[in-house]
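S.K.: Here you go, one structure.
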Amino acid sequence: MQLGDGRESSNVEDRRGGGGFGGRGIAVGGGLGSVVLVVLALLFGVDPGVILSGGDPAPARTETQGGGAPPADDAGSRFVRRVLAETEDVWNPVFQQMNRRYQEPRLVLFSGAVQSACGMAQAAVGPFYCPGDQRVYIDLDFLAQMQRQLGAPGDFAAAYVIAHEVGHHVQNQLGVLGRVQELRGRASEAEGNALQVRVELQADCLAGMWARRAQDARQILEDGDIEEGLNAAAAVGDDRLQRRARGQVQPDSFTHGSSEQRVRWFRTGLQSGQLEACDTFRPARP
Ligand SMILES: [Zn+2]
Numbered sequence: 100m101q102l103g104d105g106r107e108s109s110n111v112e113d114r115r116g117g118g119g120f121g122g123r124g125i126a127v128g129g130g131l132g133s134v135v136l137v138v139l140a141l142l143f144g145v146d147p148g149v150i151l152s153g154g155d156p157a158p159a160r161t162e163t164q165g166g167g168a169p170p171a172d173d174a175g176s177r178f179v180r181r182v183l184a185e186t187e188d189v190w191n192p193v194f195q196q197m198n199r200r201y202q203e204p205r206l207v208l209f210s211g212a213v214q215s216a217c218g219m220a221q222a223a224v225g226p227f228y229c230p231g232d233q234r235v236y237i238d239l240d241f242l243a244q245m246q247r248q249l250g251a252p253g254d255f256a257a258a259y260v261i262a263h264e265v266g267h268h269v270q271n272q273l274g275v276l277g278r279v280q281e282l283r284g285r286a287s288e289a290e291g292n293a294l295q296v297r298v299e300l301q302a303d304c305l306a307g308m309w310a311r312r313a314q315d316a317r318q319i320l321e322d323g324d325i326e327e328g329l330n331a332a333a334a335v336g337d338d339r340l341q342r343r344a345r346g347q348v349q350p351d352s353f354t355h356g357s358s359e360q361r362v363r364w365f366r367t368g369l370q371s372g373q374l375e376a377c378d379t380f381r382p383a384r385p
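To get the numbering used here, take the position in the sequence shown, counting from 1, and add 99.
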């Protein structure tokens with residue numbers, strides 16, 4: 100990627116180094132936030148019980164980080180700030196065109212564990228978005244590990260993950276997450292999973308749409324970047340992850356979509372650059 104000396108977003112909160120347990124009021128709820136966390140836990144093969152600590156306020160702070168926070172301007176956090184700025188520069192005008200205002204999300208960098216309005220999350224859950232506090236949570240170490248272990252290397256693969264989480268924020272702003280949460284309330288488990296798949300595929304499409312628009316405006320992509328993104332989308336398909344984790348595939352339990360679906364919707368957003376193209380709820384089979 101060619102982020103060069105691009106703008107750095109000021110919406111990043113650095114809570115690495117154990118600073119994540121500040122005394123903010125924690126609104127732990129069931130609802131979609133938890134669903135998103137559970138989904139991510141499944142995605143990365145973690146027991147959801149580990150991350151949903153109910154309403155426990157302020158858990159004991161672990162001292163495993165060696166006490167020192169990394170410098171606030173390390174390469175990893177600069178990269179995240181630039182990618183986030185790119186998403187802001189894409190989504191602000193898209194919302195303006197709809198006569199709406201894009202409320203930029205905050206992005207929290209954390210290590211170890213973090214308290215969110217969706218509950219307590221361990222870094223092992225991977226990146227996630229919490230609708231309750233409109234924040235994207237990213238653990239840089241985990242991102243690096245994911246790139247190694249899932250075979251999705253490259254800076255654009257990491258950018259794709261961030262853009263996907265920001266995509267959930269866009270869905271939240273557009274009211275998609277709220278409507279889906281309502282529908283899930285009266286759906287069977289299989290139907291609920293199918294709805295969640297459409298949510299995830301739409302976030303993939305929005306990530307593609309972001310890449311297209313950022314590219315058109317500022318030429319951020321280099322040779323091989325698109326392949327990195329497509330490869331990352333394929334690497335986190337439910338079928339591939341389930342096969343890795345259990346040796347077999349159970350489509351009913353998919354919550355993110357197959358590798359083929361994720362690649363296809365990322366590509367759809369990338370090729371069109373249009374919100375209308377990302378209606379993953381319309382086709383009978385997304
Ligand atoms: Zn997602």
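Every residue gets a Cβ at the ideal spot worked out from N, C-alpha and C, and that includes glycine. Note that the structure is predicted; figures quoted are calculated from it, not measured.
Cβ of alanine 302 versus every heavy atom of ligand 1: is any distance shorter than 7 Å?
M.R.: yes
S.K.: So does the segment 342 to 353 actually touch the segment 279 to 287, counting three or more Cβ pairs closer than 8 Å?
M.R.: The segment 342 to 353 makes no contact with the segment 279 to 287; the number of CB pairs closer than 8 Å stays below 3.
S.K.: Count the other CB atoms within 10 Å of the CB of aspartate 104; is the residue buried (16 or more) or exposed (fewer)?
M.R.: exposed
S.K.: Any heavy atom of ligand 1 closer than 7 Å to the Cβ of histidine 267?
M.R.: Result yes, Cβ under 7 Å from ligand 1.
S.K.: Please report the distance separating the alpha-carbon of isoleucine 237 from that of alanine 334.
M.R.: Each residue's alpha carbon lies about 18 Å from the other.
S.K.: To which residues of the same chain is phenylalanine 365 closer than 7 Å at the C-beta, ignoring the five residues directly before and after it?
M.R.: Asp303, Cys304, Ala306, Gly307, Gly328, Leu329, Ala332, listed in sequence order.
S.K.: Quick one: what's got a C-beta closer than 6 Å to glycine 175's C-beta in the same chain, skipping five residues either side?
M.R.: Correct list, in chain order: Leu239.
S.K.: What I want to know is whether the C-beta of glutamate 299 ends up closer than 7 Å to one or more non-hydrogen atoms of ligand 1.
M.R.: Glutamate 299 has its Cβ nearer than 7 Å to a heavy atom of ligand 1.
S.K.: Put serine 215 into one of helix, strand or coil per three-state DSSP.
M.R.: Here serine 215 sits in strand by DSSP.
S.K.: Near threonine 186, which residues of its chain fall below 7 Å by C-beta distance, leaving aside the five closest residues on each side in sequence?
M.R.: Ala262, Val265, Trp309
S.K.: For cysteine 208, which three-state DSSP category applies?
M.R.: Position check: residue 208 holds leucine in this sequence, whereas cysteine was assumed. Of the three classes helix, strand and coil, the one that applies to leucine 208 here is strand, per DSSP.
S.K.: Which value, in whole angstroms, describes the spacing of the CA atoms of alanine 289 and alanine 216?
M.R.: 27 Å
S.K.: Between which two residues does the alpha helix (DSSP H) holding valine 348 run?
M.R.: No alpha helix (DSSP H) contains valine 348, which DSSP labels as neither H nor E.
S.K.: Just to confirm, does glutamate 359 get its C-beta within under 7 Å of one of the non-hydrogen atoms of ligand 2?
M.R.: Ligands in the displayed structure: ligand 1; ligand 2 is not one of them.
S.K.: From Gln233, Phe178, Leu340, pick the residue whose C-alpha is nearest to that of glycine 96; which is it?
M.R.: Here the chain comprises residues numbered 100 to 385, so residue 96 is not present and cannot be evaluated.
S.K.: Run through DSSP, which three-state label would serine 371 get?
M.R.: Shown here, serine 371 sits in a helix according to DSSP, grouped into three states.
S.K.: Could you tell me the alpha carbon to alpha carbon distance between leucine 206 and cysteine 229, rounded to whole angstroms?
M.R.: 10 Å
S.K.: Which residues share a DSSP beta bridge with tyrosine 201?
M.R.: For tyrosine 201, which the question treats as bridged, DSSP gives no partner whatsoever.
S.K.: At the level of alpha carbons, what is the spacing between arginine 181 and glutamine 349?
M.R.: 38 Å
S.K.: Is tyrosine 201 near glutamine 272, with beta carbons less than 8 Å apart?
M.R.: yes
S.K.: Going by DSSP, what residues sit across from aspartate 319 in a beta bridge?
M.R.: Before going on, a small fix: residue 319 reads as isoleucine here, not aspartate. DSSP lists no beta-bridge partner residue for isoleucine 319.
S.K.: Give the secondary structure of aspartate 113 by DSSP, where H, G and I count as helix, E and B as strand, and everything else as coil.
M.R.: strand
S.K.: Identify whether arginine 285 lies in helix, strand or coil by the three-state DSSP scheme.
M.R.: The answer is coil: DSSP assigns arginine 285 none of H, G, I, E or B.
S.K.: By Cβ distance, which residues of its chain are closer than 7 Å to arginine 297, with the 5 residues on each side in sequence left out?
M.R.: Taken in chain order, the residues that qualify are Thr379, Phe380, Pro385.
S.K.: Quick one: residues in its chain with C-beta nearer than 8 Å to the C-beta of arginine 312, no 5 flanking neighbours on either side, listed in chain order?
M.R.: Val189, Val193, Gly372
S.K.: What does the alpha-carbon distance come out to for the pair aspartate 172 and asparagine 198?
M.R.: 35 Å
S.K.: Under the DSSP definition of a beta bridge, which residues are partnered with cysteine 229?
M.R.: Cysteine 229 is bridged by DSSP to Arg234.
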